[in-house]
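Comments concern the structure below.
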Amino acid sequence: GAALSTLIQDHAASLHWINVCPELARSLTRTSGDLLVEIASRTPRREVRGHALFQRAKHLLLRARTADTLKHADSEEFARLATQHGAALVGELRAVSIAALEAEAEKLLLRVRAEYEGIALARDRSLESAAEGELFELKFLGIGKTAPEIFGRDLNGYELRLSEFRGQVVVVDFWGSWCEPSRAMLDSKQALIERLAPAPFVYLGVNSDAEGRRIELGAATAWRSWWNGGSPKGGIAADWNVTAWPTTYLL
């Protein structure tokens, strides 16, 4: 931490901090968060400041979500996390206020959305749109939140609304046959649907396959899926801030 802090002081104007910020955000330690704050405060470059603030928000949300996992973990899961991250860090995270972490992250994301438009996060996404996606997820997709409506056509062309299944346990699975982990889960999905058939349970998908596979997959799968327009980008996936496939929500 001290060595990196010295580097930040000596090379505050460097654009290389843009590449360092995501690495810091993936660490659960408070020190990493403090370094992101230091980068944001010392850099004279607007684009570096925008990245540092966005990744600081991501860091806060990672800590909040890990703290929430610890809160609900059984003894086996708790032991696994303690082994993975260290007992001291796990003990610290158990004591944090999840609401305070989320509130601080929300303020930073609102700031990034308002003040750092026009800065690229990746080749096809801006910091502004990424912050919007994180705000959407924070507002609608957290534990205890009401999921937003999904309305569209399924793989067979029939209208499908998420709200049709209100009152039931619903899984929303963002998947595609092009995705190896998605393919590996096909049999287990089928088994889960069959095992829970008598229960108020619905398995729904958002499929990202190309047009040429749409009808074939609609006939071959035992669950209904909205079609995401033939791409993992845009559409419902973008609305729900999905950046990795598969992604699964239990509602």
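In my numbering, the protein residues as written are 13 to 263.
C-beta: ideal position from N, C-alpha, C; glycine also.
Report yes if the CB atom of residue i is closer than 8 angstroms to the CB atom of residue j, and no otherwise.
i    : j    : result
V124 : F186 : no
S138 : G130 : yes
W238 : R226 : no
G230 : L153 : no
T41  : L120 : no
E118 : L93  : no
A24  : T55  : yes
G103 : R68  : no
L105 : L82  : yes
E50  : I30  : no
T170 : G62  : The question names Thr, yet the displayed sequence has Tyr at residue 170. It is not a contact, given that the beta carbons lie outside the stated cut-off.
Residue i by DSSP, collapsed to three states: which one?
i    : result
R123 : helix
G189 : This sequence places Ser at residue 189; Gly is not what is there. In the structure shown, S189 sits in coil (DSSP, three-state: anything other than H, G, I, E or B).
T18  : helix
N253 : coil
V108 : coil
N31  : helix
R38  : coil
S53  : helix
A217 : For the record, residue 217 in the displayed sequence is Gly; it is not Ala. Three-state DSSP puts G217 in a strand.
L208 : coil
L263 : coil
S200 : helix
S44  : helix
S194 : helix
Compute the beta-carbon to beta-carbon distance between residue i and residue j, rounded to the nearest angstrom, for a pair I have assumed lies under 8 angstroms.
i    : j    : result
L172 : R165 : 7 angstroms
A52  : A37  : Their Cβ separation, rounded to whole angstroms, is 12 angstroms, which puts A52 and A37 out of contact at 8 angstroms.
W252 : S220 : Not quite, the Cβ-Cβ distance comes to about 12 angstroms (not below 8 angstroms), so this is no contact.
L48  : C33  : 6 angstroms
G242 : E228 : Their Cβ separation, rounded to whole angstroms, is 13 angstroms, which puts G242 and E228 out of contact at 8 angstroms.
Smallest Cα separation from residue i: which of the options?
i    : options                   : result
F163 : A111, L216 and W29        : L216
L208 : Y170, T18, A234 and L229  : A234
E114 : E88, A79, G179 and K245   : A79
L73  : L150, I227 and L93        : L150
V218 : S189, L101 and A111       : S189
G156 : I20, L262 and L229        : L262
F213 : L93, A203, I227 and Q180  : Q180
A132 : E192, V60 and T259        : V60
R260 : L229, M197 and A232       : At residue 260 the sequence reads Thr, which differs from the Arg that was named. The candidate whose alpha carbon is nearest that of T260 is M197.
R57  : R135, H28, R178 and V182  : H28
R75  : G62, A107 and D86         : A107
E176 : A203, R77, R236 and I205  : R236
A159 : Y170, V184, P210 and E192 : V184
R77  : D86, S109, A14 and A250   : S109
E116 : S26, T95, H71 and P193    : H71
I'd like to know whether the C-beta of residue i is nearer than 8 angstroms to at least one C-beta of chain C.
i    : result
S194 : No chain C is part of this structure, which consists of one protein chain only.
Could you pull out every unbroken alpha helix (DSSP H) segment of at least 4 residues lying fully inside the region 117-180, listed in chain order?
The qualifying runs are 139-152.
Identify every run of the beta strand (DSSP E) within the region 69-109, keeping only runs that are complete inside it and at least 3 residues long; order them along the chain.
DSSP runs (the beta strand (DSSP E)) wholly in the region 69-109: none.
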